[in-house]
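S.K.:
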Amino acid sequence: MRVAIVDEGLPFPANSGKRIRTLNLIVRLAERHRLSYICYRGSDPNETRLACEHLASRGIEPVLVDRCLPGKTGAGFYARLALNLLSPLPYSAQIHNSAPLQRRIRQFAAHHAADLWHAEWTPYGETLRRLAVGPWVVMAHNIESLIWQRMYQVERHPLKRWYIRLQWRKYERLERRVYSEAGYTITVSEEDAALARKRFGSQRVGVVENGVDSGHFQPNGSRRERNLILFLGSLDWRPNLDGVQVLLDGIFPRIAAEEPGSILSIVGRRPPEWLVERARESKNVELHADVPDVRPFLRRAAVMVVPLRVAGGSRLKILESLAMGCPVVSTAIGAEGLRLTPGEHFIQADGVEAMASGVIRCLRHPQTVGTLAARGRAVVAEHYDWDRLAEKLDAIWRSAGIAPGSRWARVSSICTSSDRG
Numbered sequence: 004m005r006v007a008i009v010d011e012g013l014p015f016p017a018n019s020g021k022r023i024r025t026l027n028l029i030v031r032l033a034e035r036h037r038l039s040y041i042c043y044r045g046s047d048p049n050e051t052r053l054a055c056e057h058l059a060s061r062g063i064e065p066v067l068v069d070r071c072l073p074g075k076t077g078a079g080f081y082a083r084l085a086l087n088l089l090s091p092l093p094y095s096a097q098i099h100n101s102a103p104l105q106r107r108i109r110q111f112a113a114h115h116a117a118d119l120w121h122a123e124w125t126p127y128g129e130t131l132r133r134l135a136v137g138p139w140v141v142m143a144h145n146i147e148s149l150i151w152q153r154m155y156q157v158e159r160h161p162l163k164r165w166y167i168r169l170q171w172r173k174y175e176r177l178e179r180r181v182y183s184e185a186g187y188t189i190t191v192s193e194e195d196a197a198l199a200r201k202r203f204g205s206q207r208v209g210v211v212e213n214g215v216d217s218g219h220f221q222p223n224g225s226r227r228e229r230n231l232i233l234f235l236g237s238l239d240w241r242p243n244l245d246g247v248q249v250l251l252d253g254i255f256p257r258i259a260a261e262e263p264g265s266i267l268s269i270v271g272r273r274p275p276e277w278l279v280e281r282a283r284e285s286k287n288v289e290l291h292a293d294v295p296d297v298r299p300f301l302r303r304a305a306v307m308v309v310p311l312r313v314a315g316g317s318r319l320k321i322l323e324s325l326a327m328g329c330p331v332v333s334t335a336i337g338a339e340g341l342r343l344t345p346g347e348h349f350i351q352a353d354g355v356e357a358m359a360s361g362v363i364r365c366l367r368h369p370q371t372v373g374t375l376a377a378r379g380r381a382v383v384a385e386h387y388d389w390d391r392l393a394e395k396l397d398a399i400w401r402s403a404g405i406a407p408g409s410r411w412a413r414v415s416s417i418c419t420s421s422d423r424g
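Using our numbering, you'd call the opening residue of the sequence shown number 4 and step up by one each time.
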């Protein structure tokens with residue numbers, strides 16, 4: 004099939020959970036199908052060039068929109084947030100559904116006969132729904148309204164709480180439209196699939212879990228540093244920053260009081276300036292930004308901590324950690340959507356005190372929690388291999404693509420004839 008994927012940017016380098024997932028799936032499917040990747044160019048011309056070269060080397064055609072997405076800082080950002088009050092779309096969907104992107108999609112559709120359109124994020128499902136260029140599916144990396152609902156529940160500032168509630172409700176309306184009209188809604192967990200069906204009326208839902216390359220992420224027998232605690236995640240994603248704040252304000256001080264030699268290592272891309280300053284001023288806190296490879300940190304750490312209060316989908320960081328035999332302490336929300344059992348594969352701890360106690364247990368009893376991690380690694384190897392997951396996505400694409408004799412098949416035939424002429 005010829006599949007046109009619509010996304011915010013090229014998924015390379017694979018330095019975030021979303022990029023890791025997207026890249027691992029599409030490079031496998033590019034061996035079976037002809038893929039074009041329609042997205043905005045990046046703000047870094049060199050990174051964009053390297054990303055185009057990497058995708059092209061794997062048989063994937065980059066199709067760039069000559070526009071950068073606006074930033075999330077400065078007066079302009081807050082002005083755009085204020086103007087969004089006049090829009091029926093949530094802010095991220097409004098910003099991403101630009102006129103240049105829509106023109107590029109129409110141009111591509113006019114000159115290429117795509118068998119299937121694939122929205123790699125829910126807001127782009129709204130784009131494809133409106134443009135009606137052909138049969139389409141949407142990849143729901145998260146149920147976005149659930150994330151906004153949880154942010155609303157933990158926010159204490161009255162004005163922020165009011166604005167977050169507006170975004171939550173806008174996302175609910177958006178997801179109801181997109182999920183009910185998509186040829187398939189593709190979720191990352193059975194829990195999200197149930198929400199897509201029951202809350203948003205999706206008729207056709209497929210589950211393609213997050214995964215891990217267990218050949219790339221594996222233990223090498225090196226000795227773990229007894230007092231090293233790791234937090235891993237994109238530091239430009241609000242739920243991760245909320246977790247980091249809880250970790251710095253409450254969890255780590257309690258750990259340090261019991262285990263004075265403890266070191267907290269925060270690893271992730273694009274940390275905000277406040278976090279850079281906070282790490283610089285905090286005792287025994289390290290910040291490693293935009294690292295090329297997270298495996299050295301996972302090999303050294305005594306424990307990986309996932310103190311998320313706000314999240315959706317499922318966490319690749321937990322899969323990667325267990326694949327390398329690194330013990331995990333996570334909230335219930337942090338570990339949701341994964342086929343892991345608390346007390347058997349990881350330590351579940353909700354609340355500041357429980358999280359601190361769980362981490363201290365890992366520091367003091369490495370052999371016991373190492374057994375949990377080993378069991379978790381077996382589950383990861385059995386259920387979360389990218390090859391197996393690519394098979395699932397391939398089956399969904401084939402089911403959702405153009406069927407012989409359908410209206411879209413006739414349109415495709417006309418377009419193909421036009422291209423040849």
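All C-beta atoms in this analysis are idealised placements derived from N, C-alpha and C, irrespective of residue type, glycine included. A quick note: this is a predicted structure, and the numbers were derived from the prediction, not measured.
Does DSSP put M475 in a helix, a strand or coil?
M.R.: Shown here, the chain extends from 4 to 424; a query on residue 475 therefore has no answer.
S.K.: Buried or exposed: E193, going by 16 or more other Cβ atoms within 10 Å of its Cβ?
M.R.: Exposed.
S.K.: Contact check, T190 vs V208 under 8 Å by CB: the rounded distance?
M.R.: That pair is a contact at about 6 Å.
S.K.: Which residues in the same chain as Q170 place their Cβ atom closer than 7 Å to its Cβ, once the five residues preceding and following it in sequence are excluded?
M.R.: Answer for Q170: P93, Y94 and W151, listed in chain order.
S.K.: Straight-line CA distance for G408 to L104?
M.R.: Residue confidence for G408 is low, a pLDDT of 38 falling below 50, so the modelled location carries little weight and cannot support an answer.
S.K.: What would DSSP say about P16, mapped onto helix, strand or coil?
M.R.: Coil, per DSSP.
S.K.: Rounded to the nearest angstrom, what separates R391 and R61 at their Cα positions?
M.R.: Approximately 19 Å between the Cα atoms of the pair.
S.K.: Return the CA-CA distance between T130 and E34, expressed in angstroms with no decimal places.
M.R.: Going from the Cα of T130 to the Cα of E34 covers about 27 Å.
S.K.: Measuring straight from C-alpha to C-alpha, what distance separates A113 and D69?
M.R.: Rounded to the nearest angstrom, the two C-alpha atoms are 18 Å apart.
S.K.: In terms of residue numbering, what span does the alpha helix (DSSP H) encompassing W400 cover?
M.R.: Unbroken alpha helix (DSSP H) run through W400: W389 to A403.
S.K.: How would you write the range of the beta strand (DSSP E) that G209 sits in, first residue to last?
M.R.: Its beta strand (DSSP E) spans residues V208 to V210.
S.K.: Can you name, in chain order, every residue of its own chain whose Cβ lies under 6 Å from the Cβ of A292, other than the five neighbours on each side?
M.R.: P274, listed in sequence order.
S.K.: Where V382 and L84 are concerned, what is the direct C-alpha to C-alpha distance, given to the nearest angstrom?
M.R.: Whole-angstrom Cα-Cα distance: 42 Å.
S.K.: Is the beta carbon of F300 closer than 7 Å to that of L366?
M.R.: Their beta carbons are not under 7 Å apart, which means L366 does not touch F300 by this criterion.
S.K.: Return helix, strand or coil for C418, following the three-state DSSP convention.
M.R.: Confidence at C418 is low in this model, with a pLDDT of 46, below 50, so its placement is unreliable and the value that follows should be read with caution. DSSP places C418 in helix when its eight states are reduced to three.
S.K.: Look up H57 in the DSSP assignment and say whether it is helix, strand or coil.
M.R.: Note: H57 maps to helix in three-state DSSP.
S.K.: Excluding sequence positions up to five away, which residues of its chain have a Cβ less than 8 Å from the Cβ of S416?
M.R.: Note on S416: pLDDT 45, under 50, position unreliable in the model; no value is reported.
S.K.: For the ligand NAD, is there any heavy atom lying closer than 6 Å to the beta carbon of R132?
M.R.: In terms of ligand content, the structure shown is empty, and the ligand NAD therefore cannot be addressed.
S.K.: Given that a residue counts as buried once 16 or more other Cβ atoms are within 10 Å of its Cβ, and exposed if not, what is W400?
M.R.: Looking at its Cβ environment, which holds 16 or more other Cβ atoms inside 10 Å, W400 is buried.
S.K.: Thinking just about the alpha-carbon of each residue, which of R302, G328, A359 and R227 is nearest to the one in V249?
M.R.: Checked all of R302, G328, A359 and R227; the closest Cα to V249 is A359.
S.K.: Measure the alpha-carbon distance for L58 versus L396 and round it to whole angstroms.
M.R.: So the alpha carbons of these two residues sit roughly 19 Å apart.
S.K.: Excluding the five sequence neighbours on either side, which residues of its own chain have a C-beta within less than 6 Å of the C-beta of W411, listed in chain order?
M.R.: With a pLDDT of only 49 at W411, under the threshold of 50, the placement of this residue in the model should not be trusted, and no figure is reported.
S.K.: If you compare alpha carbons, which of E64, E347, R24 and K21 is closest to I8?
M.R.: Here the closest residue by C-alpha is E64.
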